[in-house]
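Report on one structure; see the data block that follows.
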Amino acid sequence: MKPKLLISTYGGHKLGAGHVFRDLELGKCLMDKMMIMFHTDGASKAAEILRQRGIRHIQTGSLQSAIARLKPMMLLYDRPYSLGPMEELGIARVRTVALDYFYYQDKRINAIVNIMNHYDRQHKGSTTVFEGVKYAIIRKEILQRRRKRKPIAHRVKNVLVTFGGADPRNNTKQTIDLLNDLPEERLNITIVIGPIFRKGLERSIKLMLKNGPHKFFIKKRVLNMADLMARTDLAFCGAGTTMMELLTIGCPVVVLPQNEQEAALAKNIGRAGALLFLGQAYDLATAKKKIEALLKNYPARKKLAAIGRKYFDGRGKERIRAILLKELKSGR
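Count along the sequence shown starting at 1, add 412, and that's the number in my numbering.
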């Protein structure tokens, strides 16, 4: 019988749905070696997303109870806060790998995998730490479309606005404001409404589009995001999973981060010349000038796309799989 892997994931209005989608990818690539089960708390939107994608083994409620019932050999912890008090249930006997986990002194974690480098090299703890964008989890369909990406267009026509599953900072509306103030550039703009956008946000977005100079298209429940990304001449996004997929596929991007952690990651990648970073508190007039300049500058967009493709090689999933299987072997 295959050993059990319990994946504790999160999806919600505060941080979006990126955790859920990357955990689904990891689950798929480990099914040949392990029995995959998912956990999420009752307040999270993750269970709804998982059910929509055909996942049956979903535990809701406390993680302690899920571990006690299922007795997994390994735990993959991918939640935006620290692991709670669990010693009484013997979590020390469960090999635990955590993603984007910055509590380095937590001795219950056997391995940490972070996309952003936060690790203090003076740390003397027993936890093994792996960090860097080489651990970014990129979906299979993105990697397939990457090989068929059309050349960067000399003139920008098709613009994509996509801020993940939730868009907690309403960056979609901010981007529409920016683009509506560029009337001389008539664009075809596709706006993706995520599965857990707040109620009323879609309606307010539609009202903003009525008097805009561009041609707008609103899409929900996009089944093949890779094709949409590959047809895009310029994209506006946050600095999470969507940004990494756009860069992997070779699309020039303008980044408006959703939180400080995203801002730190985007700044780091921006220094390498892979994207245009606007930040969380940008000056409106300056931002408009930067966007207008990028729209008119074909060599700059081509350069952004080329650097972005090199930055993400698409092998992060395989690297994390190897870490998990090594930890599994160590725990037997």
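From the three backbone atoms N, C-alpha and C, an ideal C-beta is built for every residue, glycine too.
Remember, predicted model here, so these are calculated numbers, not experimental data.
Relative to alanine 651, the option among Gly424, Gly430, Lys552 and Asp593 whose CA is nearest is Gly430. With a 10 Å radius around the Cβ and a threshold of 16 neighbouring Cβ atoms, aspartate 435 comes out buried. Excluding sequence positions up to five before and after arginine 551, its CB lies within less than 6 Å of the CB of Glu437, all in the same chain and listed in chain order. Residue pairing by DSSP places phenylalanine 724 opposite no residue, since no beta bridge is assigned to it. For serine 616, no pairing in a beta bridge is given by DSSP. It is roughly 40 Å from the alpha-carbon of lysine 722 to the alpha-carbon of alanine 478. By alpha-carbon distance to leucine 462, the top candidate from Leu482, Lys611, Glu739 and Gly423 is Gly423. Residues of the same chain with a CB within less than 6 Å of the CB of valine 432, apart from the 5 flanking positions on each side, are Thr421, Gly423, Ala458 and Ile461 in chain order. Around the beta carbon of glutamate 674, a 10 Å sphere encloses 16 or more other beta carbons of the protein chains shown; the residue is thus reported as buried.
Note that the stretch 669–684 does not touch the stretch 589–605; fewer than 3 beta-carbon pairs, one per stretch, sit closer than 8 Å. Assigned with DSSP and collapsed to three states, valine 667 falls in strand. Here asparagine 570 is actually not in contact with threonine 654; their C-beta atoms are around 16 Å apart, not less than 8 Å.
For valine 667, the closest C-alpha among the options Asn636, Thr587, Thr540 and Gly743 is that of Thr587.
Annotation: lysine 416 to leucine 635 spans about 30 Å, alpha carbon to alpha carbon. The stretch 516–524 makes no contact with the stretch 678–697: fewer than 3 CB pairs, one atom from each, lie closer than 8 Å.
With a cutoff of 9 Å on beta-carbon distance, leucine 613 and isoleucine 601 are scored as not near each other.
In this structure, glycine 576 places its C-beta atom within 9 Å of the C-beta atom of glutamine 670. Following the DSSP letters along the chain, one finds alanine 478 inside the alpha helix (DSSP H) bounded by residues 475–482. Membership of alanine 523 in the beta strand (DSSP E) is indicated by the continuous run 523–526. Taken in chain order, the unbroken stretches of beta strand (DSSP E) that lie wholly in the stretch 426–474 and span 3 residues or more are 447–452 and 470–472. For the pair isoleucine 661 and arginine 561, the Cα-to-Cα distance works out to about 7 Å.
In the pairwise beta carbon analysis, the stretch 539–550 is classified as not touching the stretch 616–634: fewer than three pairs are separated by under 8 Å. In this structure, the alpha-carbon of arginine 558 lies about 22 Å from that of arginine 733. The continuous alpha helix (DSSP H) containing leucine 707 extends over residues 696–708.
No residue range can be given for methionine 485, since it is assigned to no beta strand (DSSP E) and is classified by DSSP as neither H nor E.
Closest by C-alpha distance to serine 474, out of Asp725, Leu487, His451 and Gln464, is His451. With respect to arginine 507, glutamate 730 sits apart: the two C-beta atoms are not nearer than 9 Å. Taking C-alpha positions only, aspartate 725 is separated from leucine 555 by approximately 9 Å.
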